[in-house]
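Peer 1:
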Amino acid sequence: GIERVYNGAVPNASFFPSAVTHPLCIIDSGYLLTHPDLPSDATAADPFQADPAGTMYFGGDLCNHGTHVAGTIAAIGGDGEGVVGVFPGAPGLKIVKVFGQAGSPGCGWTWASQLVDAVQRCVDSGAKIVSMSLGGGGPSSTERDAFQTFFDDGILIVASAGNGGSSSYSYPASYPSIMSVAATDISDAKASFSQFNDEVDIAAPGVDVVSTVGPPSDPGYDSFSGTSMAAPHVSGLAMVLWNKYPSFDNADIRTALEQGAEDLGLPGIDDYYGHGLANYQGAEMRLFTPSPPPTPPPSLPPSLPACPLGDVCTTGWCLITDG
138 GIERVYNGAV PNASFFPSAV THPLCIIDSG YLLTHPDLPS DATAADPFQA
188 DPAGTMYFGG DLCNHGTHVA GTIAAIGGDG EGVVGVFPGA PGLKIVKVFG
238 QAGSPGCGWT WASQLVDAVQ RCVDSGAKIV SMSLGGGGPS STERDAFQTF
288 FDDGILIVAS AGNGGSSSYS YPASYPSIMS VAATDISDAK ASFSQFNDEV
338 DIAAPGVDVV STVGPPSDPG YDSFSGTSMA APHVSGLAMV LWNKYPSFDN
388 ADIRTALEQG AEDLGLPGID DYYGHGLANY QGAEMRLFTP SPPPTPPPSL
438 PPSLPACPLG DVCTTGWCLI TDG
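Taking my numbering, the leading residue of the sequence shown gets 138, the next gets one more, and so forth.
#1: By DSSP's criteria, Tyr-349 is part of a beta bridge. Which residues make up the other side?
#2: Determine the DSSP secondary structure at Ile-213, reduced to helix, strand or coil.
#3: Helix, strand or coil, according to DSSP, for Glu-218 in the structure here?
#4: Looking at the strands, I want to know which residues DSSP matches up with Asp-165.
#5: Quick check on Gln-418: buried or exposed, where buried means 16 or more other Cβ atoms within 10 Å of its Cβ?
#6: Measure how close the beta-carbons of Ser-365 and His-202 come, nearest whole angstrom, since I'm counting them as under 8 Å.
#7: State the DSSP-derived secondary structure class of Glu-140, mapped to helix, strand or coil.
#8: Can you have a look at Met-269 and say buried or exposed, based on whether 16 or more other CB atoms are within 10 angstroms of its CB?
#9: In angstroms, rounded to a whole number, what distance separates the CA positions of Thr-209 and Gln-285?
#10: Name the two residues that bound the continuous alpha helix (DSSP H) containing Val-253.
#11: How many Å lie between Pro-154 and Lys-381 at the Cα?
#12: Specify the secondary structure class of Pro-369 as computed by DSSP and reduced to three states.
#13: State whether the stretch 151–165 contacts the stretch 255–264, with contact taken as three or more CB pairs (one from each stretch) at a distance under 8 Å.
#14: How long is the line joining the alpha carbons of Gln-251 and Val-235, rounded to whole angstroms?
#15: Would DSSP call Thr-364 helix, strand or coil?
#16: I need the boundaries of the alpha helix (DSSP H) containing Thr-392, first residue and last residue.
#17: To the nearest angstrom, how far is the alpha carbon of Asp-254 from that of Ala-283?
#18: Would DSSP call Tyr-417 helix, strand or coil?
#19: Could you check where the beta strand (DSSP E) with Thr-279 kicks off and where it finishes?
#20: How many angstroms separate the CA atom of Gly-351 from the CA atom of Asp-359?
#21: Could you check how far apart the C-beta atoms of Val-223 and Gly-373 are, in whole angstroms? I think they sit under 8 Å.
#22: Among the candidates Ala-298, Val-267, Gln-186, whose CA atom is the shortest distance from the CA of Asp-408?
#23: If you count every other CB in all the chains shown that lies within 10 Å of the CB of Ile-323, and 16 or more means buried, which is it?
#24: Keeping to the same chain, check which residues put their C-beta closer than 8 Å to that of Asn-144; ignore five residues upstream and five downstream.
#25: Have a look at Leu-437 and Ser-304 and give me their C-alpha separation to the nearest angstrom.
#26: According to DSSP, simplified to helix, strand and coil, what is Cys-444?
#27: Find out if the Cβ-Cβ distance for the pair Ala-187, Ala-211 is shorter than 8 Å.
#28: Measuring alpha carbon to alpha carbon, tell me which of Pro-160, Ala-375, Asp-289, Tyr-168 ends up nearest Thr-349.
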């Protein structure tokens, strides 16, 4: 899937920024800090999750979900290990764990107001991009307002559209301030499970995506499907684009990603793919293409003098009147 968002080939290492001014934060089940194919400089956005002895230590991942998402964004290229991310070796990742607590019975995530707090932790750590491969069915006006404030304050948030295979809305993805990402398969068709509605912004590969996981998998890679796998393709592209061109703002980057997408399905924006399949080259081109000026209203013809009654105009055009 990574090659697909780069027109078939991931660029070489020199293409990617060596340092970032717009860091990315992943809100998920953690990040396997010891994985050999993931950047080792990732840090806890929440200081309370920095303790390796804590039950919510960011650097472990009992569920593998967050580690899989992280590999899609940042798996190291050219290291002889299994996969490569959208931004290979992306520096400065921030992590917030919201599920997969040590000692808990499972990896299910309960929708709660803690999500807004998690985003705030990302922002407080310096992140400018937030990637969330999670969601639920219930909207909240408090959350809607909070996410709009984050966007107004310059934060770009990307989330998975949901795996219900229906036209229902999943939140937080379906808040207008958030980029909702649908999933496509290897043939660029909408994945059967991908939710579709008028809040879908963009699509990305989300079927049989191979990425990093922890033990007991050997050698540390597995194939997952879901809009959870599609969303990090988009957040990873945002991280590359915004850090190559840091003078733009979050709205510019979002617009470039949307309008630079490869149109799929019905012409134009639709409920299944949004603006289309995420594409780095298209987004970069769109970033430097100014919006066309508005079309001026048609000009009215100049006022013409009336010909004198019973006379003929001899000095140019004039209005012929009855009589």
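Backbone N, C-alpha and C define an ideal beta-carbon position, used for all residues, glycine too. Computed from a predicted model, the values in this text were never measured in an experiment.
Peer 2: According to the structure shown:
#1: On the sequence shown, position 212 is the one that residue 349 refers to. For clarity, residue 349 is Thr in the given sequence; the question names Tyr instead. Its beta-bridge partners are Tyr-358.
#2: Walking along the sequence shown from the start, residue 213 turns up at place 76. Coil at Ile-213, not helix or strand.
#3: Locating residue 218 in the sequence shown gives position 81, counting from the first residue. Three-state result, Glu-218: coil.
#4: For this step, residue 165 is matched to residue 28 along the sequence shown. Note: Asp-165 sits in a beta bridge opposite Lys-234.
#5: In the sequence shown, residue 418 corresponds to position 281, counting from 1. Exposed, because fewer than 16 other Cβ atoms sit within 10 Å of the Cβ of Gln-418.
#6: For the purposes of this step, residue 365 is identified with residue 228 of the sequence shown, where counting begins at 1. For the purposes of this step, residue 202 is identified with residue 65 of the sequence shown, where counting begins at 1. Between His-202 and Ser-365 the Cβ distance is about 7 Å, and since that is below 8 Å, they are a contact.
#7: Start at 1 with the first residue of the sequence shown, and residue 140 comes out as number 3. Helix, per DSSP.
#8: One-based indexing of the sequence shown puts residue 269 at position 132. The residue in question, Met-269, is buried, as its Cβ has 16 or more Cβ neighbours within 10 Å.
#9: Residue 209 sits at position 72 when you count from the first residue of the sequence shown. Residue 285 sits at position 148 when you count from the first residue of the sequence shown. When rounded, the distance between both Cα atoms is 27 Å.
#10: Taking the first residue of the sequence shown as position 1, residue 253 is located at position 116. Bounds of the alpha helix (DSSP H) holding Val-253 are 251–261.
#11: Taking the sequence shown and counting its residues from 1, one reaches residue 154 at position 17. Taking the sequence shown and counting its residues from 1, one reaches residue 381 at position 244. Cα-Cα distance, rounded: 6 Å.
#12: Against the sequence shown, residue 369 aligns to sequence position 232. It is helical.
#13: yes
#14: On the sequence shown, position 114 is the one that residue 251 refers to. On the sequence shown, position 98 is the one that residue 235 refers to. Their Cα atoms are separated by approximately 8 Å.
#15: Within the sequence shown, residue 364 is the residue found at index 227, counting from 1. When DSSP states are grouped into helix, strand and coil, Thr-364 belongs to the helix group.
#16: Looking up residue 392 in the sequence shown gives position 255. Bounds of the alpha helix (DSSP H) holding Thr-392 are 387–396.
#17: Residue numbering aside, residue 254 sits at position 117 when the sequence shown is read from its first letter. Residue numbering aside, residue 283 sits at position 146 when the sequence shown is read from its first letter. Each residue's Cα considered, the two are about 10 Å apart.
#18: In the sequence shown, the residue the question calls residue 417 occupies position 280. Of the three classes helix, strand and coil, the one that applies to Tyr-417 here is helix, per DSSP.
#19: Within the sequence shown, the letter at position 142 stands for residue 279. No beta strand (DSSP E) contains Thr-279, which is instead part of the alpha helix (DSSP H) from 278–289.
#20: Taking the first residue of the sequence shown as position 1, residue 351 is located at position 214. Taking the first residue of the sequence shown as position 1, residue 359 is located at position 222. Their backbone Cα atoms lie some 9 Å apart in a straight line.
#21: The count along the sequence shown starts at 1 and reaches residue 223 at position 86. The count along the sequence shown starts at 1 and reaches residue 373 at position 236. Indeed, because the Cβ distance is near 3 Å, the residues count as touching under 8 Å.
#22: Translated into the one-based positions of the sequence shown, residue 408 becomes position 271. Cα-wise, what sits closest to Asp-408 is Ala-298.
#23: As a first step, residue 323 is located in the sequence shown; it is residue number 186 there, counting from the start. Ile-323 should be labelled exposed.
#24: Here residue 144 corresponds to residue number 7 of the sequence shown, with the count starting at 1. Counting only Cβ-Cβ distances below 8 Å, and skipping sequence neighbours, we find Asn-416, Tyr-417, Gln-418.
#25: Reading the sequence shown from its first residue, position 300 is the one you call residue 437. Reading the sequence shown from its first residue, position 167 is the one you call residue 304. Confidence in Leu-437 is poor, its pLDDT being 49 and thus under 50, which makes the residue's placement unreliable; the coordinate value appears in the next sentence. Rounded to the nearest angstrom, the two C-alpha atoms are 47 Å apart.
#26: Along the sequence shown, one-based indexing puts residue 444 at 307. Bear in mind that a pLDDT of 49 at Cys-444, under 50, signals an unreliable position, so the number given afterwards is only what the model happens to contain. DSSP places Cys-444 in coil when its eight states are reduced to three.
#27: Position 50 of the sequence shown, counted from the first residue, corresponds to residue 187. Position 74 of the sequence shown, counted from the first residue, corresponds to residue 211. Taking 8 Å as the Cβ cut-off, Ala-187 and Ala-211 do not qualify as a contacting pair.
#28: Here residue 349 refers to the residue found at position 212 of the sequence shown. Checked all of Pro-160, Ala-375, Asp-289, Tyr-168; the closest Cα to Thr-349 is Tyr-168.
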